[in-house]
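Here is the structure we will look at.
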Amino acid sequence: MTSTRRLVLSSDHAAIALRQTIADHVAAQGWDVVDIGPTTPESTHYPKHGQAAAERVASGDCVLGIILCGTGQGIMMAANKVRGIRCGVCSDTFSARMIRQHNDANMLSIGARVVGDGLALDIVDAFLSAEFEGGRHATRVEMIEG
Ligand code: RB5
């Protein structure tokens, strides 16, 4: 059975340092972190990392995912191609909270070249501590899933 505290992390080369900072931060909160890399700084292709992380969530291996690239945009687009994934890019804590509460987002994307480490950790905390509100929002999320 999937742990309710199991979270996948991935990025491209532009976000390795911030990804590791986030890994340490969420592990200290008790999350079981599945960091699928990459670990070396060579240039790589964000779509494959976004897809790999998304598949961990879509399969049920992890309950949530956090992905990063330079802007957060490209890796988010790749993740959202995987059925069942609802991933938003956030550069503020309000959006990070709302994508959980209203959109039942199961993945968060952050741009490592957009936000500093301190804000990124606040964004992560806002995302992880929020809960889906259901109700009218559930109807809308079902419409996304088709
Ligand atoms: C890599 O240079 C950069 O294009 C990538 O990290 C990301 O920002 C794409 O969306």
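Just so you know, we're using my numbering here: the sequence shown kicks off at 40 and counts up by one.
Where a beta carbon is used, it is the ideal one built from N, C-alpha and C, also for glycine.
Of the heavy atoms belonging to ligand 1, at least one sits nearer than 7 Å to the Cβ of residue 108. Judged by DSSP secondary structure, residue 65 falls outside any beta strand (DSSP E) and instead within the alpha helix (DSSP H) spanning 55-67.
With a cut-off of 7 Å, the C-beta of residue 91 is classified as distant from ligand 1, since no heavy atom of the ligand falls inside that distance.
By alpha-carbon distance to residue 110, the top candidate from 152, 183, 74 is 152. In this structure residue 183 is exposed. Its beta-carbon is surrounded by fewer than 16 other beta-carbon atoms within 10 angstroms. Residue 152 carries a coil assignment under DSSP once its states are collapsed to helix, strand and coil. Short note on residue 76: C-beta not closer than 7 Å to any heavy atom of ligand 1.
Non-local C-beta neighbours of residue 102 in its own chain, meaning closer than 8 Å and more than five positions away in sequence, comprise 41, 42, 43, 44, 45, 46, 96, 145, ordered along the chain. For residue 180, the CB contacts under 6 Å within the same chain, skipping 5 residues up- and downstream, are 143 in chain order. Around the beta-carbon of residue 175, fewer than 16 other beta-carbon atoms lie within 10 Å, marking it exposed. Straight through space, the alpha carbons of residue 63 and residue 164 are spaced by roughly 13 Å.
For the pair residue 61 and residue 105, the CB atoms are nearer than the 8 Å cut-off.
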